[in-house]
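Some notes on the structure that comes next.
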Amino acid sequence: MHTSLTATARLILFSLYVISMLSTTATAESSSIVEAGGTQRTRRPIVTGTSVLGIKYRDGVMLASDTLCSYGTMAKYKDARRLVPVNPVTLVGGGGEYSDFQEVTALLKRNALEDKCTADSLYEEDNSVECAKEVWNYLRAVMYNRRNKMNPLWNDLVVAGFHIEGATKVPFLGLVDKIGTSYEDNVVATGFGSYLALPILREKWRPDLEEGEARALMEDCLRVLFYRDCRALNRIQIAKATSDGVLVSEPYEIDTSWDAASFVSPKGGLEGDGGW
Amino acid sequence: MSEFHGNSSLDEAPPGFSFDNCHRNAMIEQVAAKSNSVLPTATKTGTTIVGMVYKDGVVLGADTRATGGTEVCDKNCEKIHYMADNIYCCGAGTAADTEKTTEMISSQLELLRMNTKSPSRVVTACTLLKRMLFRYQGHISAALVLGGCDVSGPHVYQIYPHGSTGKLPYTTMGSGSLAAMSVFETEWRDDMSESEAVELVKKSILAGIFNDLGSGSSCDTCVIRMDGTTEVTRGAVAPNPVAPLRAAINRSSKLNIGKGTTPVLSTTFTPARVTLADVTVTEMEQ
């Protein structure tokens, strides 16, 4: 802002801002106890993203999530990007505390930049780019270390891309949670997605799913999540990692259906919650 | 109606809350804490239960695993309880609570049928259940899916331990309810046929069985039709049979003793001459 404020005016404005932030900082638990030595630890997430889904399909790996970050019960940021390409061959998706997710992606992007700048050659053939499995292993170490210091990065992270096995590229999909548990599978989901979407994904998964089928399956799961997860949104993003590289779609809305006759005018005519 | 006055079983408890056993439970917990013994956990039903309305009636489904803590207590328990010929109720939560609550309301419904000389309505069962559960303020841990057909149509209700109810075209309860609900939310439609509805219910229970650790074993279904017929199928889908596992155990052949191995030397038969009862009949005075 290029307004001509005096130094004292700026100071007053800043202190007013700080006071208002302190008074609106949330509720029941004290989330800002300052311990001996002036340190603080993460006790609970404040701005949160919900589920991230991942699925391997014929051409590679696909991730999906909605674009909502909630501030407690408020749907505050409706255009949050929770699927991020951290290097030209790897996608990372995150649920949980959004600021910690931004820290994680910033860290991974710094690593990618360093790899690029210190590579032996300017061309990509010398494998200076970290593959998805290396990113996944690195994240496991980061998350576990933070957990040991009782100051976790409060995220469930999904890593998607390829794993270089000798000369071949094999699709890779893995998950790392906030205490450093890591595993890989054909289908993964974080948060509410593990209860609502994983049963559908496990049932419908085949190794040779076409891109259109995989995308339709993801949309179905995100629709169910929008119906049944109180912190979900119907504005979604899909990302894919194929042997050609990584692509994140622009966000778009999925349609939902609320007009089933049985809900509008129930059979038997008795309305309300039943009984009295 | 004079028959109602003396009928105290419809109004079975005195008004107010009865927490008689809470004091006893507190004492038991104190004693257990001092002596470092482990209190036995109540048998819960873990559970996936579902109910849905289709074109000509309702279909209820349930898994068959009962857990006590992390142990499976019963691999094949029955979670679909009889309330009336046209009303059945699936129960999740503490097994004893669901069993006895549904039994109690079932007998109340029977007495009411005798008094009113007409078939029971699903909303009656729902009202009786919710009034009882609310009286106990959630201490009776019974989460129920009630379904049935009566003169006003097919109905499915969900009843929570604290006494709240919901009337819905489809519902799921229990620890596997999210897995089952994900199947319903993708595939349920208005006015499904009976075979489609039964398939959908089986699919949703299987989703609970395979994705939830509190649910398992097999799937029971119950179809209640508007024309008055009912069909309860125990083990409609049994994807976890125990017989092949048992057969794979190598037991000594000495344990399989065929008939006739022990030779019979002689046989005698003596009929018992015992007077079982002494019966005399006296006519009642008019």
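Same order as they appear, the protein sequences are chains E and Z. For the first sequence, this note's numbering begins at 142 and goes up steadily by one. For the second sequence, this note's numbering begins at 2 and goes up steadily by one. Every residue, glycine too, gets a C-beta built ideally from N, C-alpha and C.
Please say whether residue j and residue i have beta carbons closer to each other than 8 Å?
i, j, result
"E/Leu-204", "E/Gly-195", "yes"
"E/Val-82", "E/Leu-316", "This structure cannot speak to residue 82 of chain E, because chain E is shown only from 142 to 417."
"E/Tyr-198", "E/Ala-355", "yes"
"Z/Ile-50", "Z/Lys-80", "yes"
"Z/Met-174", "Z/Ala-93", "yes"
"E/Gly-235", "E/Asn-296", "yes"
"E/Gln-378", "E/Ser-269", "no"
"Z/Asp-213", "Z/Ala-180", "yes"
"Z/Gly-215", "Z/Thr-48", "yes"
"E/Thr-208", "E/Arg-343", "no"
"E/Glu-275", "E/Ala-253", "no"
"E/Ala-301", "E/Val-202", "yes"
"Z/Leu-130", "Z/Leu-145", "yes"
"E/Phe-303", "E/Ser-384", "yes"
"Z/Val-224", "Z/Ala-208", "no"
"Z/Arg-226", "Z/Gly-52", "no"
"E/Lys-257", "E/Val-227", "no"
"E/Pro-229", "E/Gly-386", "yes"
"E/Leu-366", "E/Leu-337", "yes"
"E/Gly-321", "E/Arg-288", "yes"
"Z/Ser-153", "E/Gly-409", "yes"
"Z/Ser-219", "Z/Pro-240", "yes"
"Z/Asn-87", "Z/Thr-231", "yes"
"Z/Arg-66", "Z/Lys-56", "no"
"Z/Val-60", "Z/Val-199", "yes"
Count the other C-beta atoms from every protein chain shown that fall within 10 angstroms of the C-beta of residue i, then say buried if there are 16 or more, exposed otherwise.
i, result
"Z/Leu-277", "exposed"
"Z/Leu-134", "buried"
"E/Arg-281", "buried"
"E/Asp-261", "exposed"
"Z/Gly-259", "exposed"
"Z/Asp-151", "buried"
"E/Ile-160", "In this predicted model, E/Ile-160 has a pLDDT of only 46, less than 50, meaning its place in the structure is not dependable; the value taken from the coordinates is given anyway. Classification of E/Ile-160: exposed, given that the 10 Å Cβ count is below 16."
"E/Ala-357", "exposed"
"E/Arg-393", "The question names Arg, yet the displayed sequence has Tyr at residue 393 of chain E. So E/Tyr-393 ends up on the exposed side."
"Z/Ile-210", "buried"
"Z/Glu-1", "Lying before the first or after the last residue shown, residue 1 of chain Z is absent from chain Z, which here runs from 2 to 287."
"Z/Phe-20", "exposed"
"E/Glu-312", "This sequence places Pro at residue 312 of chain E; Glu is not what is there. It is buried - the Cβ of E/Pro-312 has at least 16 other Cβ atoms within 10 Å."
"E/Glu-170", "In this prediction, E/Glu-170 scores a pLDDT of 49, lower than 50, which makes its location untrustworthy; the coordinate-derived value is nonetheless stated afterwards. E/Glu-170 comes out exposed."
"E/Asp-349", "exposed"
"E/Pro-407", "buried"
"Z/Asp-34", "Strictly speaking, residue 34 of chain Z in this sequence is Ala, with Asp absent from that position. Answer is exposed; the Cβ neighbour count stays below 16."
"Z/Glu-186", "buried"
"Z/Ser-36", "exposed"
"Z/Thr-29", "For the sequence presented, residue 29 of chain Z should be read as Ile rather than Thr. Answer is exposed; the Cβ neighbour count stays below 16."
"Z/Arg-122", "buried"
Starting from the Cα of residue i, find the closest Cα among the options and give me that residue.
i, options, result
"Z/Thr-99", "Z/Gly-139, Z/Cys-220, Z/Gly-149", "Z/Gly-139"
"Z/His-82", "Z/Ser-176, Z/Ala-248, Z/Thr-268, Z/Gly-62", "Z/Gly-62"
"E/Glu-360", "E/Asp-349, E/Ser-390, E/Ile-395", "E/Ile-395"
"E/Thr-246", "E/Leu-232, E/Tyr-336, E/Asp-349", "E/Leu-232"
"Z/Tyr-161", "Z/Cys-127, Z/Gly-177, Z/Met-285, Z/Glu-104", "Z/Cys-127"
"E/Phe-404", "Z/Thr-172, Z/Asp-228, Z/Glu-232", "Z/Thr-172"
"Z/Pro-16", "Z/Ser-254, Z/Arg-136, Z/Gln-287, Z/Val-265", "Z/Arg-136"
"E/Leu-388", "E/Ala-216, E/Asp-220, E/Val-225", "E/Val-225"
"Z/Asp-64", "Z/Ala-143, Z/Glu-111, Z/Ser-205", "Z/Ser-205"
"E/Asp-318", "E/Thr-331, E/Asp-326, E/Glu-306, E/Met-215", "E/Thr-331"
"E/Gln-181", "E/Lys-290, E/Thr-259, E/Leu-263", "E/Lys-290"
"E/Ser-390", "E/Arg-222, E/Leu-248, E/Asp-326", "E/Arg-222"
"Z/Ala-143", "Z/Ser-196, Z/Thr-125, Z/Lys-118, Z/Cys-91", "Z/Cys-91"
Roughly how many whole angstroms lie between the Cα atoms of residue i and residue j?
i, j, result
"Z/Gln-109", "Z/Gly-148", "17 Å"
"Z/Ala-249", "Z/Val-243", "10 Å"
"Z/Asn-257", "Z/Val-73", "29 Å"
"Z/Gln-31", "Z/Arg-25", "10 Å"
"Z/Cys-23", "Z/Gly-217", "32 Å"
"E/Glu-244", "Z/Glu-104", "57 Å"
"Z/Pro-120", "Z/His-163", "28 Å"
"Z/Ala-329", "E/Cys-210", "The structure shown does not extend to residue 329 of chain Z, since chain Z is modelled only from 2 through 287, so no value can be given for it."
"Z/Ser-1", "Z/Pro-264", "Coverage of chain Z is limited to positions 2 through 287, which leaves residue 1 of chain Z absent and any answer about it impossible."
"Z/Leu-113", "Z/Pro-272", "49 Å"
"E/Ile-187", "E/Leu-294", "12 Å"
"E/Phe-242", "E/Lys-345", "30 Å"
"E/Glu-351", "E/Tyr-324", "24 Å"
"Z/Tyr-89", "E/Leu-248", "57 Å"
"E/Ala-216", "E/Leu-314", "29 Å"
"E/Trp-277", "E/Ala-380", "17 Å"
inquiry  = Below 8 Å, how does it come out for the region 182-193 of chain E and the region 372-389 of chain E: are there three or more Cβ pairs, yes or no?
reply    = The answer is yes - the region 372-389 of chain E touches the region 182-193 of chain E, with three or more Cβ pairs under 8 Å.
inquiry  = Measuring CB atoms only, is the region 191-198 of chain Z touching the region 147-162 of chain Z, in the sense that at least three cross pairs come out at less than 8 Å?
reply    = no
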